[in-house]
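Numbering (the numbering used here), first residue to last: 1 to 448.
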């Protein structure tokens, strides 16, 4: 497990880009004087606190559900993304600050400040629990995975506010990867961090999507910088430890990286990475990186965030709950469902289940990898299996069936294999007289 190293010149988080870069590489660097990014900088730079950029969202019930699994509030707070430059391109009119976002930010700061994950777990457990806000965390259906029953203490709130109020010093050539199941808001988390850093007036690089350039925000404005700028130039003109917020794939194969993944990069990168095995393999091979696995949306979060969708037709509460229970907690898939999507997707899932081999599926689950087959790729597998963090340890993954319905479908399809396995176990047990006496009736019933 990686541990950050603090050296004398790596902590320059409050320094800014060397202005000579404009003269040195005019074809690669441009200072924006207009456009959405420049307008965002003008609106947010040192214009905190965050609460001034939040709005109260009313929760209007549609009457399609009668029993709530968890109490739903009448209002909630979200960062206002309506009619805001850059943010108005998002599919939502506001960014709901998930407890997972606050929790992840605490871990990022603690990882940088305290020298590695083992120390983090010793020091920030109370802070992380407070960041969860006392909410139940649901994986699928009604299964409670993490629950906090006691209200947070004043001391606990002070700890959390201390972590959230400031950003730790960045470390050059280090990467903190945030990944998880598709549709859990990883991109929105990157925007959340950008907004926080802008209102705090902290220099930040920002790269979203598959563009060939990134933006750099500092006190003088916004720079548009081409990704093909040499690593040597970056090390010369960017202070070591500059925070870079990156969403998407920065490198999947050796020799095809960019300035955020190049050796001796000046950046401390927070990278929202897709969960595909090839991307995570590359990241895990990089020295000085750590991978954080984010929890998927809970039922309550999905019910609240419906009210932030920009699309004209929003799934009903009943459709949202039904999709969540049967097909999993991907907000993207749940919110994008059409009128007949539930029936259609049911048929798709039934077909997919038949194409997974029993032995290879078990082997992949034991390795905490998405099961694959000759006929199904990783994106197909992600519709049947859910990537979550291990219980109370978000730096290691676990792969589980996405819902009880899909598990039942898988077992039903492989019932003949089940029967053969049980018969084999029965035969092995029955060979021993002592076991035969106590267990034969159980295995006879199951095997027959």
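Ideal Cβ positions, reconstructed from N, Cα and C, are used throughout, including at glycine.
| Query | Result |
| --- | --- |
| Take the Cβ of residue 206 as the centre, count every other Cβ of all protein chains shown within 10 Å, and call the residue buried at 16 or more, exposed below. | buried |
| Taking 8 Å as the threshold (C-beta atoms), are residue 53 and residue 222 in contact? | no |
| Three or more C-beta pairs closer than 8 Å, one from the region 321-341 and one from the region 74-88: is that the case here? | no |
| Quick one, are the C-beta atoms of residue 356 and residue 371 less than 8 Å apart? | yes |
| According to DSSP, is residue 51 helix, strand or coil? | helix |
| Using 8 Å for Cβ pairs, my map puts residue 28 next to residue 226. What's the rounded Cβ distance? | 4 Å |
| For the region 360-388, which segments carrying the beta strand (DSSP E) assignment without a break, of at least 3 residues, lie completely within its bounds, in sequence order? | none |
| Compare the Cα-Cα distances from residue 380 to each of 363, 389, 404 and 354 and report the closest residue. | 354 |
| List the endpoints of the continuous alpha helix (DSSP H) containing residue 456. | As displayed, the chain neither begins before 1 nor continues past 448, which places residue 456 out of reach and without an answer. |
| Cα separation between residue 328 and residue 239? | 43 Å |
| Can you have a look at residue 411 and say buried or exposed, based on whether 16 or more other CB atoms are within 10 angstroms of its CB? | exposed |
| Need the endpoints of the alpha helix (DSSP H) that residue 451 sits in, please. | No answer is possible for residue 451: the residues shown for the chain start at 1 and end at 448. |
| Alpha carbon to alpha carbon, what distance is there between residue 182 and residue 382? | 8 Å |
| Considering only C-alpha positions, which residue in the set 95, 273, 73 and 235 is nearest to residue 194? | 95 |
| Helix, strand or coil, according to DSSP, for residue 408 in the structure here? | helix |
| Suppose the cutoff is 7 Å on Cβ atoms and the five residues either side in sequence are ignored; what does the same chain contact list for residue 214 look like? | 205, 206, 207, 225 and 227 |
| Are the CB atoms of residue 50 and residue 196 within a distance shorter than 8 Å? | yes |
| If contacts are defined as beta-carbon pairs under 8 Å, then residue 310 and residue 91 qualify, I think. What distance do you get, rounded to the angstrom? | 6 Å |
| Taking DSSP's pairing of strands, which residues face residue 218 in a bridge? | 221 |
| In the DSSP output, which residue or residues are listed as bridge partners for residue 333? | Answer by DSSP bridge pairing: none, since residue 333 is not bridged. |
| Please report the distance separating the alpha-carbon of residue 389 from that of residue 295. | 6 Å |
| Does the beta-carbon of residue 292 have 16 or more other beta-carbons within 10 angstroms, so that it is buried, or is it exposed? | buried |
| Using the Cβ count rule (16 or more neighbours within 10 Å means buried), how would you classify residue 109? | buried |
| Spatial neighbours of residue 167 within its chain, please: CB distance less than 8 Å, with the 5 preceding and 5 following residues excluded, ordered by chain position. | 13, 109, 196, 197, 200, 202 and 243 |
| Could you name the residues that DSSP lists as bridge partners for residue 308? | Answer by DSSP bridge pairing: none, since residue 308 is not bridged. |
| What separation, rounded to the nearest whole angstrom, lies between the Cα atoms of residue 171 and residue 289? | 11 Å |
| Got a sec, what are the start and stop residues for the alpha helix (DSSP H) residue 245 sits in? | Careful: residue 245 lies outside any alpha helix (DSSP H), inside the beta strand (DSSP E) at 242-247. |
| Compute the distance between the beta-carbons of residue 269 and residue 192, then report whether it is under 8 Å. | no |
| Hey, how far is the Cα of residue 218 from the Cα of residue 234? | 16 Å |
| Tell me, to the nearest whole angstrom, how far the beta carbon of residue 347 is from that of residue 399; I am working on the premise that it is less than 8 Å. | Not a contact, Cβ separation roughly 24 Å. |
| Kindly list the residues whose CB is nearer than 6 Å to the CB of residue 30, restricted to its own chain and excluding five residues on each side of it in sequence; keep chain order. | 224 |
| Compare the C-alpha of residue 186 against each of 102, 264, 266 and 369 and name the closest. | 102 |
| Specify the secondary structure class of residue 268 as computed by DSSP and reduced to three states. | strand |
| Suppose you measure from the CA of residue 397 to the CA of residue 387; what does that come to, to the nearest Å? | 7 Å |
| Could you tell me which of 378, 230 and 62 sits nearest to residue 264, measuring between CA atoms? | 230 |
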